[in-house]
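Asker: Residue numbers (my numbering): 3 to 537.
Submitted below is the structure of interest, expressed as structure tokens.
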Amino acid sequence: MAADHEMATPAGATPGAESWEGVVIFTGVMWTAYNMAPNLILPIIIVFIGAFSLQSTWPKCSVDQTLGWNLRPGAGSGLVTGSLLVPMVLMANNLHGNAKENGVSGMFCSYSLCMSHAAVCLVWLSKSDLHPDRPSIRTMGSLATTISVFLILLLQDLPLGVVNFTMGILGVVVCLCVLHGLLTSLPSSLSLGEAMIASEGVALLMIDSCQTVFYRNRSLEYNLLQSVALGLTIIGVVSARMFVSCERTEKQSTASWKDSMRFYILVLCVVAFICVPHLWWLLGRIPILWLMGFILACDSSISLIGYWSVMTLVAIATVARQNSTNPAGAGSTIVRKYFHLIAIAVFLPGLKQNSQLLYIASAAALGTFVLLEYVRMDRIQPLGESLHTSLRVFVDEKDRGVAILTHIYLLLGCSLPLWLYPSAYKIGTELAMYSGVISLGFGDTAASVIGSTLGRHKWPGTKKTVEGTLAAVLAQLAACGTLSLFGIQPGFTANWIPIVTAVCLTSLLEAFTSQVDNIVTPLYMYALFSSGLSL
3 MAADHEMATP AGATPGAESW EGVVIFTGVM WTAYNMAPNL ILPIIIVFIG AFSLQSTWPK
63 CSVDQTLGWN LRPGAGSGLV TGSLLVPMVL MANNLHGNAK ENGVSGMFCS YSLCMSHAAV
123 CLVWLSKSDL HPDRPSIRTM GSLATTISVF LILLLQDLPL GVVNFTMGIL GVVVCLCVLH
183 GLLTSLPSSL SLGEAMIASE GVALLMIDSC QTVFYRNRSL EYNLLQSVAL GLTIIGVVSA
243 RMFVSCERTE KQSTASWKDS MRFYILVLCV VAFICVPHLW WLLGRIPILW LMGFILACDS
303 SISLIGYWSV MTLVAIATVA RQNSTNPAGA GSTIVRKYFH LIAIAVFLPG LKQNSQLLYI
363 ASAAALGTFV LLEYVRMDRI QPLGESLHTS LRVFVDEKDR GVAILTHIYL LLGCSLPLWL
423 YPSAYKIGTE LAMYSGVISL GFGDTAASVI GSTLGRHKWP GTKKTVEGTL AAVLAQLAAC
483 GTLSLFGIQP GFTANWIPIV TAVCLTSLLE AFTSQVDNIV TPLYMYALFS SGLSL
């Protein structure tokens, strides 16, 4: 919903706006690296130079034709954002927790930078003016450049042994495979930058999952998130043929009952024979008994679950009302912002009263949303067609492909700061956990309302307005100040400089980016809060 406070129709990315986006991202990454991981500054600069130079010549690249990728129309490449945002978040986490956790975060920064560099090299080598034997050169070049960056990281005083080196190479391979799979299986649904963020996240989660199986040293709620992600990934990969057949199902309206039953059997088998045993092993107990004990152990759990149930009914009623008053299904900016307000109402009490329960509930909600999207995409009976009709209320200019992802992006944007916040470090930078609520619930909503009604002056290269950005800054600062009054650390008065800096940079990123800001801005603000407020 990055274009919500524009004055006219959604605009595609312009080179000028994307350059400013790259500058804002680079500024935040360098600030984070300087404070948290100075040894990674050189690799970051190398990745940035490659991504920024390629991004500036993006219209001349035929990456979509050469590699068979089908990118989201109207969006810029997002190469700088996709290359540096995940390393920035991992660097910000580097301070938190004990020494062992710091080592893990440092290693993940290395892995992430290698993945980013490999993806940039893959795109560069796919340009149409290179040697005609592209597949061979691309494979050899990507491997060589990835190894070269990894060797640079070897000099950064990180504990890289044979196992870690092998995991890094494996992570790069998985990242590139996932990147290719996303951009071919979900045509016109993702920009390159968005796909890079998703593929790096999947690859890093895979690496951490391998370690967790052997060491079982993660929090219980994180184990649940891992099992959910594992199950969703397997279901998505196995049912990829269904995704490819989306054009067929569009014409035939719904899938056959035979195909629908196959899908339900697949889901049942994955849950029963993979997710539950995996979670049982990690928890060391029966998952359902652990969950019941967890809920009953806290007095606030029952009341929160009841409150969230009411808010779920409110959201469903909002969708039903919109569909009844607007049968054409064209979602408006104001209607979409209703769900931002609902997100505030859902996440604020949970973050304040019981963040662990919110962690578990948001992971379960993600699993539900993604499964329902699988059902909608292939029109699985009996819900597929109804979901397709109902979810049109969420559609904006970024949902031009086969997937409707806006509501999933909103959930992820509010949840990721909570999931990323280290469980061993719950004092001092709690404000970082609220990054999604602050940037989306307050900032994005204010920018949309004020920008669309009072906006007159546009930022260069974009249709977003200066008035909308100023409204976003003021709304987010007011939210930070209010949260500090309710005891959320750190206090606003003593830390106003890093808070104002983070809010202003995040608002500028929202103004210039053509990527999905429901994902980009919460992660960016989280990294700035985590690094700036930890000093």
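C-beta: ideal position from N, C-alpha, C; glycine also.
Keep in mind the model is a prediction, meaning the values are calculated, not measured.
Can you give me the Cβ contacts of Ile209 inside the same chain, cut-off strictly under 7 Å, excluding the 5 residues immediately before and after it?
Answerer: For Ile209, where only same-chain residues beyond five positions count, the Cβ hits under 7 Å are Tyr113, Met169, Gly173.
Asker: Please state the DSSP three-state secondary structure of Lys400.
Answerer: Looking at Lys400 - three-state DSSP - the assignment turns out to be coil, as it is neither helix nor strand.
Asker: How many angstroms separate the CA atom of Ser357 from the CA atom of Val439?
Answerer: Approximately 14 Å between the Cα atoms of the pair.
Asker: Quick check on the burial criterion: 16 or more other C-beta atoms within 10 angstroms. Buried or exposed for Ile290?
Answerer: When all chains shown are included, Ile290 counts as exposed.
Asker: Give a yes or no on whether the C-beta atoms belonging to Ser229 and Leu270 are separated by under 8 Å.
Answerer: Not a contact, by the Cβ cut-off of 8 Å.
Asker: For Ile171 and Ser486, what's the separation of their Cα atoms in angstroms?
Answerer: If I take the Cα positions, the gap works out to 43 Å.
Asker: Which runs of the alpha helix (DSSP H) fall wholly inside the segment 208-240 and span at least 4 residues, in chain order?
Answerer: Those alpha helix (DSSP H) runs which fall completely within the segment 208-240 and span 4+ residues are 222-240.
Asker: Measuring CB to CB, does Gly403 end up less than 8 Å from Pro189?
Answerer: A contact, by the Cβ cut-off of 8 Å.
Asker: Give a yes or no on contact between the segment 306-325 and the segment 338-348, applying the rule of three or more CB pairs nearer than 8 Å.
Answerer: As far as the Cβ criterion goes, the segment 306-325 touches the segment 338-348, which means the pair count is three or higher.
Asker: At the level of alpha carbons, what is the spacing between Arg378 and Ser388?
Answerer: The straight-line gap from Cα to Cα measures roughly 8 Å.
Asker: Mapping the DSSP letters down to three states, classify Lys465 as helix, strand or coil.
Answerer: If DSSP states are grouped into helix, strand and coil, Lys465 belongs with coil.
Asker: Would you mind giving the Cβ-Cβ distance between Met294 and Leu353, rounded to the nearest angstrom? I have them listed as a contact below 8 Å.
Answerer: Contact doesn't hold; Cβ gap of about 23 Å is too wide.
Asker: Who pairs with Lys460 in a beta bridge, going by DSSP?
Answerer: Thr467, per the DSSP bridge assignment.
Asker: Provide the residue span of the alpha helix (DSSP H) that contains Arg381, from first to last.
Answerer: Note, Arg381: premise wrong, no alpha helix (DSSP H); not H, not E.
Asker: State yes or no: is the C-beta of Ala257 within less than 8 Å of the C-beta of Gly70?
Answerer: Against a cut-off of 8 Å, the Cβ pair of Gly70 and Ala257 comes out as no contact.
Asker: Give the secondary structure of Tyr423 by DSSP, where H, G and I count as helix, E and B as strand, and everything else as coil.
Answerer: Residue state, collapsed to three classes: coil.
Asker: Pull up the distance between the alpha-carbon of Val82 and that of Gly308, whole angstroms please.
Answerer: Spanning the two alpha carbons is a distance of roughly 42 Å.
Asker: For Thr186 and Ile410, I'd like the C-alpha separation in whole angstroms.
Answerer: So the alpha carbons of these two residues sit roughly 20 Å apart.
Asker: How would you call Phe488, buried or exposed, if buried means at least 16 neighbouring beta carbons within 10 angstroms?
Answerer: Under this definition Phe488 is an exposed residue.
Asker: Mapping DSSP to helix, strand and coil, what is Asn520?
Answerer: Three-state DSSP puts Asn520 in a helix.
Asker: For Leu538 versus Leu306, is the C-beta distance shorter than 8 Å?
Answerer: Absent from the structure is residue 538, since the part of the chain shown begins at 3 and ends at 537.
Asker: When the Cα of Ser118 is compared with those of Leu87, Met93, Asn96, Leu127, which residue comes out closest?
Answerer: Selected option, being the one with the closest Cα: Leu87.
Asker: Classify Pro524 as buried or exposed, calling it buried when 16 or more other Cβ atoms lie within 10 Å of its own Cβ.
Answerer: That one is buried.
Asker: Just tell me which of Gly233, Phe50, Ser302 has its CA closest to the CA of Ala274.
Answerer: Selected option, being the one with the closest Cα: Gly233.
Asker: To the nearest angstrom, how far is it from the Cα of Gly457 to the Cα of Tyr361?
Answerer: Going from the Cα of Gly457 to the Cα of Tyr361 covers about 37 Å.
Asker: Which of the three DSSP states, helix, strand or coil, is assigned to Trp292?
Answerer: Here Trp292 sits in helix by DSSP.
Asker: What's the gap between the Cα of Cys111 and the Cα of Leu92?
Answerer: Approximately 6 Å, taken between the alpha carbons.
Asker: Between which two residues does the alpha helix (DSSP H) holding Gly93 run?
Answerer: Per the sequence shown, residue 93 should be read as Met rather than Gly. That run of the alpha helix (DSSP H) goes 81-94.
Asker: Given this structure, state the Cα-to-Cα distance separating Val348 from Ser532, to the nearest angstrom.
Answerer: Roughly 23 Å between the two C-alpha positions.
Asker: Please say whether Leu479 and Leu507 have beta carbons closer to each other than 8 Å?
Answerer: Result no, Cβ atoms of Leu507 and Leu479 do not sit closer than 8 Å.
Asker: Looking only at its chain, what residues have a beta carbon closer than 7 Å to the beta carbon of Ile344, apart from the 5 residues adjacent to it on each side?
Answerer: Within the same chain, Ile344 has close Cβ partners Met313, Val316, Ala317.
Asker: Quick check on the burial criterion: 16 or more other C-beta atoms within 10 angstroms. Buried or exposed for Tyr526?
Answerer: Looking at its Cβ environment, which holds 16 or more other Cβ atoms inside 10 Å, Tyr526 is buried.
Asker: Rounding to the nearest angstrom, what Cα-Cα distance links Ala94 and Thr503 in this structure?
Answerer: Their backbone Cα atoms lie some 16 Å apart in a straight line.
Asker: Got a sec, what are the start and stop residues for the alpha helix (DSSP H) Leu393 sits in?
Answerer: Premise fails: Leu393 is in no alpha helix (DSSP H) and is neither H nor E.
Asker: What are the start and end residues of the alpha helix (DSSP H) that includes Cys277?
Answerer: No alpha helix (DSSP H) contains Cys277, which DSSP labels as neither H nor E.
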